[in-house]
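Peer 1:
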Amino acid sequence: MSLDVDVFRRLGAFTLQVTFRAEGGLTALFGASGSGKTTVVNIIAGLVRPERGRVVVNGDVVVDTERGMFVRPHRRRIGYVFQEPRLFPHMTVRRNLLYGRWFTPRHARDQSFEQVTDLLGLGPLLDRRPARLSGGEKQRVAIGRAWLSSPRLLLMDEPLSSLDTARKQEILPYLERLRDDSRIPIVYVSHSLPEVARLATQVVLLTDGRVSATGPVERVLTGIESSSILEARVVDHDDVFGLTTLESRAGRLRLPRVELSVGAVVRVGIRAQDVLLAVHPPGGLSARNVLPAVVTGVELQPGAVAEVKLCAGGATLIAQITRETVHALEIAPGRPVYAIIKAVAFDRAMLASDAGLASGAGSDIINV
Amino acid sequence: MTLSPEEYTAVRLSLRVAFWAVTASLPFGIVVAVVLARGRFWGKTFLEGLVYLPLVLPPVVTGYALLLLFGRRGVLGPFLAERLGIVFAFRWTGAALACAVMGFPLLVRATRLSVEAVDRRLEDAAATLGANRLWVFLTVTLPLMVPGLLAGAVLAFARSLGEFGATITFVSNIPGETQTLPSALYTFTQVPGGEAGALRLSLIAVAVSMLALLAAEVLGRRIARRLQGA
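Below is the structure:
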């Protein structure tokens, strides 16, 4: 599967000029509010026309302004989960779910109703009407409805943003199953770093209507919102002290025990403010994670803070320290240092199974 | 209270006329309401004016216009009679046409409001699920319009039951053919000793109209509740 987008559109003073290519898996369109993410997916769905440009899904041109081509939304077979559930209020959950099936050619109906309702836990809801569902249930029905239309591409525009934290946690595992089991490529719009770090296979970073970076999660998201993303593998559990050891390119990390099998691949988010720097190998420290690294850049920020970019075994780490420390320790590009991270800084709330990392299956994200 | 055969005929005719006036104008009403609610085209204001005109025009003028258009010697009358076999002049069908025209603005107004109230984002969602415009309209827009449509139809029905000026001008006052309840009532008031009949017909008019409004209210509430998903 492939999706090629190269579109231009003006909206008042705002210009959208976006070019990217997405392969299978889950591609996150990541960016601040107002960066044009929703407009991009609306253009892919055919709900908004680009002024110029083209969109190609699996080699099928769905819009090409140069050739005057525009395929109407209903003929694109692109599923769309909106920010709000947009369920049909006059239909039961069952009829909502089956709505798209009507219009799917028989040979293309590759999703089984039972399988999808099982996977999304919709069985007990089938005969209810949307008004009698909770927010989380509604969004699950919306996901199932889009899924059951057997789309060749699934667009999701911040499907969790209207939900509270508990409901988000309720839906996230379903999204992971959708990503892993459905084999439908997904374009996922979000401005939430933890969500993207947890779900994405690759990231397209949007800034002010333009693509400012695109590529693997670790690379694109490190440095965003002052945190680094590390991919790591579970190598050991220590039952006596309740710790788990991870192996990453940057070195070994120990953190409070996580319930994952040995060998599972995870993403670890590390906030820059949780990283200390030492110029000598530290001793007698309570912090258990000491990673040798080399300074690759120092960015002085307004106020007292400086952001230091480190290279640790090929992985990038970000540390936030004071400008005064930069001066006192003579932190400059090329200088070898030790990055220190407290084990208890790891926050288990963001634990989840992964997005097609190297190992493919059974991997997870941990945010620190 | 017993009705004379004449009065009974008038009541039955009135119901028939009103029923057909509303039924036949319903499809047109839906189309015009959707066009006015959604369309952007040259001459929209003119169409709007034309549709709402019977609301403000003296009914006699509307009836006379219908006579000029659909009368035996009218602009369209001979054509319709010869080619399609449809005759309006001095027939109950003419009364129904007059009622339809008079009730049309009410039907369109209520329906249009209901079209405007339909969440277009639901229509977008239906389109991404594979429904073309016609299917979107039939499966999403139309069902969600039903409460407004029903309200409009009831208003038009009630208006039809009460229609007098346009009907009597266009198709006259022929017992058994075009003498609807208001015409019969009017006739009673014009002859000595007709008071009792006029009173009976008035009571019936009140009862039928009231019943129609109540039925619409109950039905509307039930549909609205269903749409909200209870």
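First to last, the protein sequences are chains A and B. Just so you know, the first sequence maps onto residues 1 to 368 in this note's numbering. Just so you know, the second sequence maps onto residues 1001 to 1230 in this note's numbering. Don't be surprised by glycine CBs; every beta carbon is placed ideally from N, CA and C.
#1: Quick check: what's the CA-CA separation for B:T1111 versus B:T1023?
#2: The segment 1105 to 1117 of chain B: which residues have C-beta closer than 8 Å to a C-beta of chain A, in chain order?
#3: Under the three-state reduction of DSSP, which class applies to A:K168: helix, strand or coil?
#4: How many whole angstroms separate the CB atoms of B:Y1052 and B:P1105, which I take to be in contact at a CB cut-off of 8 Å?
#5: Take the Cβ of A:V7 as the centre, count every other Cβ of all protein chains shown within 10 Å, and call the residue buried at 16 or more, exposed below.
#6: Three Cβ pairs or more, each shorter than 8 Å: is that satisfied between the segment 1117 to 1127 of chain B and the segment 1084 to 1098 of chain B?
#7: Are there 16 or more other CB atoms within 10 angstroms of the CB of A:H280, so buried, or fewer, so exposed?
#8: Does any C-beta atom of chain A lie closer than 7 Å to the C-beta of B:N1173?
#9: Round the Cβ separation of A:V204 and A:L29 to the nearest angstrom and send it over; I've been treating them as touching at under 8 Å.
#10: So with CB distances below 7 Å, who are the chain B contacts of A:H90?
#11: Quick one: what's got a C-beta closer than 7 Å to B:A1127's C-beta in the same chain, skipping five residues either side?
#12: For A:Y80, count neighbouring Cβ atoms within 10 angstroms of its own Cβ and tell me buried if that reaches 16, exposed if not.
#13: Run through chain B and tell me which residues come within less than 8 Å of A:Y447, C-beta to C-beta.
#14: Please report the straight-line C-alpha distance between A:L255 and A:E195, rounded to a whole angstrom.
#15: Given this structure, state the Cα-to-Cα distance separating B:G1193 from B:T1002, to the nearest angstrom.
#16: Hey, which unbroken runs of the beta strand (DSSP E) at 3 residues or more fall wholly within the segment 136 to 192 of chain A?
#17: Look at the Cβ atom of A:L277, then the Cβ atom of A:A319, and state whether they are nearer than 7 Å.
#18: Indicate whether at least one CB of chain B lies closer than 7 Å to the CB of A:S134.
#19: For A:P292 and A:A332, I'd like the C-alpha separation in whole angstroms.
#20: Using 7 Å as the limit for Cβ to Cβ distance, is B:L1149 near chain A?
#21: Between which two residues does the beta strand (DSSP E) carrying A:L237 extend?
#22: Measure the alpha-carbon distance for A:H327 versus A:V305 and round it to whole angstroms.
#23: Going straight from the alpha carbon of A:A287 to that of A:G269, what length do you get?
#24: Which partner residues of A:E299 appear in the DSSP bridge assignment?
#25: Run down chain B in chain order and give the residues with a C-beta less than 7 Å from the C-beta of A:G12.
#26: If we ignore side chains and look at the alpha-carbon of each, how far apart do A:R128 and A:T92 end up?
#27: Could you pull the DSSP bridge partners for A:M402 from this structure?
#28: Should A:L148 be labelled buried (16 or more other beta-carbon atoms within 10 Å of its own) or exposed?
#29: Is the Cβ of B:L1122 closer than 7 Å to any Cβ of chain A?
#30: Give me the subset of the segment 62 to 83 of chain A whose CB atoms are less than 9 Å from a CB atom of chain B, sorted by chain position.
#31: Short of 6 Å in beta carbon distance, which residues of its chain neighbour B:A1096, apart from the five on each side in sequence? Order them along the chain.
#32: Counting pairs of beta carbons, one from the segment 187 to 194 of chain A and one from the segment 20 to 29 of chain A, are three or more of them closer than 8 Å?
#33: Let me know the secondary structure DSSP gives A:F241 once reduced to three states.
#34: Comparing alpha-carbon positions, which option in B:R1012, B:A1100, B:A1037 and B:F1079 lies nearest B:A1153?
#35: Can a CB atom of chain B be found closer than 7 Å to the CB of A:A108?
Peer 2: Let me spell this out:
#1: 14 Å
#2: none
#3: helix
#4: 5 Å
#5: buried
#6: no
#7: Answer is exposed; the Cβ neighbour count stays below 16.
#8: Not an interface residue.
#9: 5 Å
#10: Within 7 Å Cβ-Cβ: P1143, L1144, R1226 and L1227.
#11: V1136
#12: buried
#13: Residue numbering for chain A in the displayed model covers 1 to 368; residue 447 of chain A lies beyond these limits and cannot be assessed.
#14: 21 Å
#15: 16 Å
#16: Listed in chain order, they are 153 to 157 and 186 to 190.
#17: Between A:L277 and A:A319, the CB-CB gap stays under 7 Å.
#18: no
#19: 15 Å
#20: No Cβ of chain A is located within less than 7 Å of the beta carbon of B:L1149.
#21: According to the sequence shown, residue 237 of chain A is His rather than Leu. Counting along the chain, the beta strand (DSSP E) containing A:H237 begins and ends at S227 to D238.
#22: 12 Å
#23: 17 Å
#24: Note: A:E299 is bridge-paired with A:E307 in the DSSP secondary-structure output.
#25: Contact note: A:G12 does not reach chain B at a C-beta cutoff of 7 Å; the least C-beta distance is about 20 Å.
#26: 5 Å
#27: Residue 402 of chain A is absent from the model: chain A starts at 1 and stops at 368.
#28: buried
#29: yes
#30: Those residues of the segment 62 to 83 of chain A that come within reach of chain B (Cβ to Cβ, closer than 9 Å) are R72, P73, H74, R75, R76, R77, I78, G79, Y80 and F82.
#31: V1017, W1020 and A1021
#32: yes
#33: coil
#34: B:A1100
#35: no
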